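Trainee: Numbering (full-length UniProt numbering), first residue to last: 1 to 239. Note that beta-carbon positions come from the ideal geometry of N, C-alpha and C, so glycine has one too. All values derive from a computational prediction rather than experimental measurement. What follows is a structure written as structure tokens; I'll ask about it next.
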């Protein structure tokens, strides 16, 4: 009998934003897998979930290299998937923690794809999590979309940002920690610099919420994003 792997989204940073389903899944978990960079063993997702973990849970950190080398990445995914598969084959209930939601720009996607090849018979249950942009919208009282509008989810690392913004009613730009000057230039060129909010480290120490892009840091933290609305739909949170 294989154990179940729970892919759990722990939300954007505040431990209170874990869902009830996530907390219940963690209560059944024997082994918690926490993703971290191969350069260090610190896991933000683990620190967020910590208040909800059993005292006797086994914690295993899985290293994911920050590399563009396909062979290096595939080797790491394969090694991590086989580690998880070994515990599942032993009948242990396992959880893989990920920031935000497990299926949006998450290391869980790589693990899941590889695990289905390495150990296709292992059951997997995915527990969705509150995303950073949902929490940021709530924090700033920003209406992300309404009526017949669309909402475009973008990566700040990709190309064609200005063009994408030109046909989006509203947009979320994730991964703004890289090429921020180019991102700000694209937003300005699209005429939406006054309709954008920058948010960094939401719910964590060092939180930044900038209603003006001019107040955003030149080199944002890794946990940063932008909300771009089609018009000034942002409300005062105190109203």
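Rounded C-beta distance between residue 2 and residue 122? I'm assuming under 8 Å.
Mentor: The pair is a contact, with the Cβ atoms about 5 Å apart (cut-off 8 Å).
Trainee: Considering only the beta carbon of each residue, do residue 126 and residue 17 sit closer than 7 Å?
Mentor: It is not a contact, given that the beta carbons lie outside the stated cut-off.
Trainee: Restricting to Cα atoms, I'd like to know which of 76, 77, 42, 96 is closest to residue 28.
Mentor: When each option's Cα is compared against that of residue 28, the closest is 96.
Trainee: Drop a sphere of 10 angstroms on the beta-carbon of residue 32, count the other beta-carbons inside from all chains shown, and report buried for 16 or more, exposed for fewer.
Mentor: Residue 32 is buried by the Cβ-count criterion.
Trainee: Is it buried or exposed, residue 217, if we count other Cβ atoms within 10 angstroms and call 16 or more buried?
Mentor: The residue in question, residue 217, is exposed, as its Cβ has fewer than 16 Cβ neighbours within 10 Å.
Trainee: Out of curiosity, what's the CA-to-CA distance linking residue 142 and residue 152?
Mentor: Rounded to the nearest angstrom, the two C-alpha atoms are 15 Å apart.
Trainee: Does the beta-carbon distance from residue 166 to residue 200 come in below 7 Å?
Mentor: No, Cβ-Cβ distance for residue 166 and residue 200 is not below 7 Å.
Trainee: Tell me whether the beta-carbon of residue 93 lies closer than 7 Å to the beta-carbon of residue 4.
Mentor: Yes. Within cutoff.
Trainee: Once you ignore the five residues that flank residue 72 on each side, which residues in its own chain have a CB closer than 7 Å to its CB?
Mentor: Excluding positions up to five away in sequence, the list reads 65.
Trainee: Drop a sphere of 10 angstroms on the beta-carbon of residue 133, count the other beta-carbons inside from all chains shown, and report buried for 16 or more, exposed for fewer.
Mentor: With 16 or more Cβ atoms within 10 Å of its Cβ, residue 133 is classed as buried.
Trainee: In its own chain, which residues sit with a C-beta less than 8 Å from the C-beta of residue 54, not counting the 5 before and 5 after it?
Mentor: So the qualifying residues of the chain are 26, 27, 29.
Trainee: Can the beta-carbon of residue 98 be found closer than 7 Å to that of residue 156?
Mentor: Cβ atoms of residue 98 and residue 156: not closer than 7 Å.
Trainee: Can you tell which of 109, 91, 146, 206 has its C-alpha closest to the C-alpha of residue 128?
Mentor: Comparing Cα-Cα distances from residue 128 to each of 109, 91, 146, 206, the minimum goes to 109.
Trainee: Taking C-beta to C-beta, are residue 189 and residue 211 nearer than 7 Å?
Mentor: Result no, Cβ atoms of residue 189 and residue 211 do not sit closer than 7 Å.
Trainee: Our contact map puts residue 209 next to residue 173 with C-beta atoms below 8 Å; I'd like the distance itself, whole angstroms only.
Mentor: No, residue 209 and residue 173 are not in contact; Cβ-Cβ is about 15 Å, not under 8 Å.
Trainee: Please look up how many angstroms separate the CB atoms of residue 169 and residue 150, rounded, as I've assumed it's under 8 Å.
Mentor: That belief holds up - the Cβ atoms of residue 169 and residue 150 are roughly 5 Å apart, short of 8 Å.
Trainee: Leaving out five residues on either side along the sequence, give the residues of the same chain with a beta carbon under 6 Å from the beta carbon of residue 101.
Mentor: Cβ neighbours of residue 101 beyond the five flanking positions: 9, 128, 129, 131.
Trainee: Can you tell me whether residue 117 is buried or exposed? The criterion is at least 16 other CB atoms within 10 Å of its CB, across all chains shown.
Mentor: The residue in question, residue 117, is exposed, as its Cβ has fewer than 16 Cβ neighbours within 10 Å.
Trainee: Please work out which residues of its chain come closer than 8 Å, Cβ to Cβ, to residue 91, disregarding the five sequence neighbours upstream and downstream, and give them in chain order.
Mentor: Once the five neighbours on either side are set aside, the close Cβ partners of residue 91 are 1, 2, 3.
Trainee: Which residue's Cα is closest to the Cα of residue 60: 68, 45, 51, 70?
Mentor: Nearest of 68, 45, 51, 70 to residue 60, Cα basis: 45.
Trainee: Just curious, the beta strand (DSSP E) that residue 196 is in, first and last residue?
Mentor: It spans 196-200 - the beta strand (DSSP E) in which residue 196 sits, taken as one unbroken run.
Trainee: Return helix, strand or coil for residue 157, following the three-state DSSP convention.
Mentor: In this structure, residue 157 counts as coil in the three-state DSSP scheme.
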